[in-house]
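Engineer: Numbering (the working numbering), first residue to last: 188 to 587. All residues carry an ideal CB built from backbone N, CA and C; glycine is no exception. Just so you know, these numbers come straight off a predicted model, no measurement behind them. Take this structure, written in structure tokens, and hold onto it; I'll ask about it next.
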């Protein structure tokens, strides 16, 4: 029976595939569970009696197996003779560690909340120096992005630790014994915006600066990944549509400002479409569709502009439109872009003479064929591997 209990608690055979509803999540231990037993699934040890020396070490060790970012440390909660237990723990650790207990205990909740505030202020400073409001997009300087990455990694470490220790977004001020009350200054809304910005960072800067690489953590816990509150966006947009004709200009402006702020939580490539929608609303140009929400308009505007960009490329190059759209749907990478020679086929379908005339018309000068061919290669690669874009602007920037 004891063996089955231990296997179930440790999620070992034959309990690896057991449904979560039937997994054993709580074990009541009278004395010792099993010397040497530990499980990465044991998160918290609750003690209702006083322990000493080897019994403390043996009991605490049951939580010493880490389980990725979801379990960065084990938690001990003791309820009887708290001050005596604190002294007993110090004596046991000192005895069994040989006075080498550095790094054994994580920061307590108060310290983590304090660090959370300090790191958030540093992150705000990075964006403020770059003149960016509401964290709406990443800084342009790679060094500042790197600073944000380093600070965000620290922020997540404190956040995850604090969550395990009882922190929740529903509560902003905490009264902890032996400490002054502390208020968490970062909000869940701001946290989600920062998570969105972090998700938009590439490991290597696009400018090819080899001296800078970003220490992106791709194994962040689920709770620290970006979450866009589309319901909040839809609700505020509906409110604005209902009151924009009213006379209370302060109310209208307040709601409008709030909408602009909430756009910051959108991926940076969607923010221009959000602004376009609002501009069309204010100019009376938005075509109202029954039952549509803000996100429906957002998708429509994005798809419409992307289709315009694709059509511009087709018109300027006479490229094989069907093959182009097929390759765009594949979400290609640099590795597989020319599988089955598809990129070569696409490139060869360009009417070089027609494209040269398009360049001459937009730049006001002739370009030699070899440079036109080089441009075609780079233009098509960028169009397929990155987001679609304005072809005319790309050509102008290419020759500037």
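Ends of the alpha helix (DSSP H) at residue 332?
Structural biologist: Unbroken alpha helix (DSSP H) run through residue 332: 329 to 351.
Engineer: Between which two residues does the beta strand (DSSP E) containing residue 585 stretch?
Structural biologist: No beta strand (DSSP E) holds residue 585; the alpha helix (DSSP H) holding it covers 578 to 586.
Engineer: Among the candidates 265, 548, 297, 322, whose CA atom is the shortest distance from the CA of residue 308?
Structural biologist: Of the candidates 265, 548, 297, 322, the one whose C-alpha sits nearest the C-alpha of residue 308 is 322.
Engineer: Once you ignore the five residues that flank residue 421 on each side, which residues in its own chain have a CB closer than 7 Å to its CB?
Structural biologist: These residues qualify, in order along the chain: 480, 481, 482.
Engineer: Which of the three DSSP states is assigned to residue 296 in this structure?
Structural biologist: Here residue 296 sits in helix by DSSP.
Engineer: Given 8 Å as the limit, is there contact between the region 554 to 561 and the region 464 to 481, that is, 3 or more CB pairs closer than that?
Structural biologist: With the cut-off at 8 Å, the region 554 to 561 and the region 464 to 481 do not touch.
Engineer: Which residue marks the beginning of the alpha helix (DSSP H) containing residue 427, and which one marks its end?
Structural biologist: From DSSP, the alpha helix (DSSP H) with residue 427 extends over 417 to 430.
Engineer: Helix, strand or coil: which one does DSSP assign to residue 310?
Structural biologist: In the structure shown, residue 310 sits in a helix (DSSP, three-state: H, G or I).
Engineer: In or out: residue 206 buried (at least 16 other Cβ within 10 Å) or exposed?
Structural biologist: By the 10 Å Cβ count, residue 206 comes out exposed.
Engineer: Taking only the alpha-carbon atoms, compute the straight-line gap between residue 576 and residue 535 and give it to the nearest angstrom.
Structural biologist: Approximately 21 Å between the Cα atoms of the pair.
Engineer: Straight-line CA distance for residue 409 to residue 525?
Structural biologist: Note on residue 409: pLDDT 49, under 50, position unreliable in the model; the coordinate value appears next. Going by the C-alpha atoms only, they are around 35 Å apart.
Engineer: Express the C-alpha separation of residue 569 and residue 520 in angstroms, rounding to a whole number.
Structural biologist: Computed Cα separation, rounded: 11 Å.
Engineer: Flag this pair as touching only if the region 328 to 345 and the region 311 to 320 have three or more C-beta atom pairs under 8 Å; answer yes or no.
Structural biologist: Contact holds: three or more Cβ-Cβ distances are below 8 Å.
Engineer: Whole angstroms is fine: what's the gap from residue 391's alpha carbon to residue 449's?
Structural biologist: In this predicted model, residue 391 has a pLDDT of only 46, less than 50, meaning its place in the structure is not dependable; the value taken from the coordinates is given anyway. Cα to Cα, the separation comes out at about 28 Å.
Engineer: Around the Cβ of residue 541, are there at least 16 other Cβ atoms within 10 angstroms (buried) or fewer (exposed)?
Structural biologist: Answer is exposed; the Cβ neighbour count stays below 16.
Engineer: Grouping DSSP H, G and I as helix and E and B as strand, with all else coil, what is residue 438?
Structural biologist: Three-state DSSP puts residue 438 in a helix.
Engineer: Does the beta-carbon of residue 484 have 16 or more other beta-carbons within 10 angstroms, so that it is buried, or is it exposed?
Structural biologist: Residue 484 is buried by the Cβ-count criterion.
Engineer: When you compare the region 296 to 307 with the region 262 to 278, are there three or more beta-carbon pairs, one atom per stretch, that lie closer than 8 Å?
Structural biologist: Because the criterion of three Cβ pairs below 8 Å is not met, the region 296 to 307 and the region 262 to 278 do not touch.
Engineer: Taking DSSP's pairing of strands, which residues face residue 520 in a bridge?
Structural biologist: DSSP output for residue 520 lists no bridge partner at all.
Engineer: Just checking my contact of residue 351 with residue 262 at CB under 8 Å: how many whole Å lie between their CB atoms?
Structural biologist: So it is a contact: roughly 6 Å between Cβ atoms.
Engineer: Is residue 565 helix, strand or coil by DSSP?
Structural biologist: Of the three classes helix, strand and coil, the one that applies to residue 565 here is helix, per DSSP.
Engineer: DSSP three-state call for residue 222: helix, strand or coil?
Structural biologist: The predicted model places residue 222 with a pLDDT of 45, which falls under 50 and marks its position as unreliable; any figure quoted below should be read in that light. Coil at residue 222, not helix or strand.
Engineer: Determine whether the beta carbon atoms of residue 488 and residue 463 lie at a separation below 8 Å.
Structural biologist: Contact flag set, yes.
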